[in-house]
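Student: Reading the sequence shown from the start, the letters are residues 629 to 958 in this note's numbering. No residue lacks a Cβ here, since even glycine has one placed at the ideal position from N, Cα and C.
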Amino acid sequence: MTPATRIPDSAAARQLPASIDKRPSMSMWAIVLAGGEGVRLRPLVRQALGEERPKQYVPLLGDRTLLRQTLDRVELGIPGERVIVVTMKQHAAYTAAEFAGGPAPHLLAQPSDRGTAAAIVYPACLIATEDPEAIAAVFPSDHFIGSGALFMAYVAEVGTWVAQHPERLVLLGAQATTAEVEYGWIEPGEWLGDLTTGPVRAVRQFWEKPTLVRATRCLHAGHLWNTSIIVGAARTLLQACRRGIPEIADALAGLATRAGTAEEGAAAQAVYERIPKANFSRSVLEACPELLAVARLPRLAWSDLGSPRRVLEVMERLGDRPAWAAALTP
């Protein structure tokens with residue numbers, strides 16, 4: 629597999645705090661989740677393109693697709709040769725078009741959708757085999773983040789903390805501004821350490837897409853939105869997976885031993901046919917709260933682009949609403 633194209637961002641890099649190096653000294657890898665179908669955004673994508681396709685392959689904000697924006701941001705802090713994009717076999721035409729102009733990242737094309745659990749476990753197995761001391765950062769490919777350079781400097785700092793505390797998986801939480809019922813929420817617990825942007829805390833409780841009453845209580849209590857961005861030692865990710873979803877973890881660990889061989893394709897098909905579908909947050913993170921920590925993002929704009937409303941809200945914030953969106957309302 630060839631490394632991804634790295635696009636420099638020297639102007640943005642000048643925004644980095646002087647105390648944080650843009651490239652972490654530890655071995656950090658990225659797992660970029662790009663296998664979703666984006667069902668809720670299909671009407672908006674149809675309006676934008678006149679056809680349906682997964683949202684990560686659509687230039688909703690500017691002239692780059694959401695996946696390309698994610699990779700450009702990630703590669704400000706993690707070399708392309710240590711970036712794995714997890715996609716689906718049925719997306720092959722989209723990925724071919726996405727990377728037609730240059731080298732592609734490491735692409736892990738799953739034969740079928742088995743949820744975010746498998747999409748994180750399998751690349752974590754490959755990373756741990758290749759680099760047992762690696763720190764892995766998991767990034768969804770459908771986020772808007774205001775400053776990529778500041779964000780990746782923060783990820784590097786979290787990675788440095790994790791290297792010193794490899795028993796913890798750090799969830800990145802966003803400062804909540806509304807009682808959002810479509811996000812997960814995290815209640816921070818006791819103090820575990822400090823970053824330049826604030827403390828690292830244990831995780832006391834999760835609420836996944838709560839009622840409006842519960843979301844309002846979370847907002848008033850100062851709880852954080854769950855961004856689904858995770859930074860942790862690859863081996864700790866696998867430890868958590870073996871605890872929460874042992875049958876999936878064992879099956880994918882076995883599959884990883886065949887990676888790069890002529891048997892890999894057929895073996896992957898057989899493994900994915902028999903493992904269940906599982907959500908990583910519900911099946912893994914909620915099963916091992918003592919392994920978790922949470923750190924709040926620095927002051928930058930963040931949004932999960934999972935619904936038409938949030939896409940249109942970001943367009944309004946950027947003041948860059950294309951003609952096709954003019955008739956739509958948030």
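At what residue ranges does the stretch 834-879 contain a whole run of the beta strand (DSSP E), taking only runs of 3 or more?
Tutor: Entirely contained in the stretch 834-879, the beta strand (DSSP E) runs reaching 3 residues are, in chain order, 852-861.
Student: Shortest alpha-carbon distance to Ala-868 belongs to which of Glu-914, Val-942, Pro-751, Leu-778?
Tutor: Closest option to Ala-868, Cα to Cα, is Glu-914.
Student: Could you compute how far the alpha carbon of Pro-739 sits from the alpha carbon of Leu-946?
Tutor: Computed Cα separation, rounded: 37 angstroms.
Student: Quick check on this structure: which residue in Ile-755, Gly-730, Trp-853 has the alpha carbon closest to the alpha carbon of Val-714?
Tutor: Taking only the C-alpha atoms, the option nearest Val-714 is Ile-755.
Student: Quick one: residues in its chain with C-beta nearer than 7 angstroms to the C-beta of Ala-896, no 5 flanking neighbours on either side, listed in chain order?
Tutor: Taken in chain order, the residues that qualify are Pro-739, Leu-883.
Student: Classify Leu-799 as helix, strand or coil using the three-state DSSP reduction.
Tutor: Note: Leu-799 maps to strand in three-state DSSP.
Student: Among the residues of its own chain, which have a CB less than 6 angstroms from the CB of Glu-944, if the five just before and after it don't count?
Tutor: For Glu-944, where only same-chain residues beyond five positions count, there are no Cβ hits under 6 angstroms.
Student: Give the range of the alpha helix (DSSP H) segment to which Val-786 is assigned.
Tutor: Segment 776-792, the alpha helix (DSSP H) holding Val-786.
Student: Closest by CA to Leu-797, which one among Glu-918, Leu-677, Leu-669?
Tutor: Minimum Cα distance to Leu-797 is reached at Glu-918.
Student: What is the rounded straight-line gap between the Cα of Thr-839 and the Cα of Ala-887?
Tutor: About 43 angstroms.
Student: Going by DSSP, what residue range makes up the alpha helix (DSSP H) through Leu-946?
Tutor: Element bounds for Leu-946: 936-946.
Student: For Leu-677, which residues from the same chain have a beta carbon less than 8 angstroms from its beta carbon, with the 5 sequence-adjacent residues on both sides left out?
Tutor: Val-686.
Student: Quick check: the stretch 820-840 against the stretch 870-880, are there 3 or more CB pairs under 8 angstroms?
Tutor: With the cut-off at 8 angstroms, the stretch 820-840 and the stretch 870-880 do not touch.
Student: Please name the residue in Ala-746, Ile-659, Ser-655 whose C-alpha comes closest to that of Glu-901.
Tutor: Comparing Cα-Cα distances from Glu-901 to each of Ala-746, Ile-659, Ser-655, the minimum goes to Ala-746.
Student: Roughly how many whole angstroms lie between the Cα atoms of Ala-658 and Val-783?
Tutor: Roughly 11 angstroms between the two C-alpha positions.
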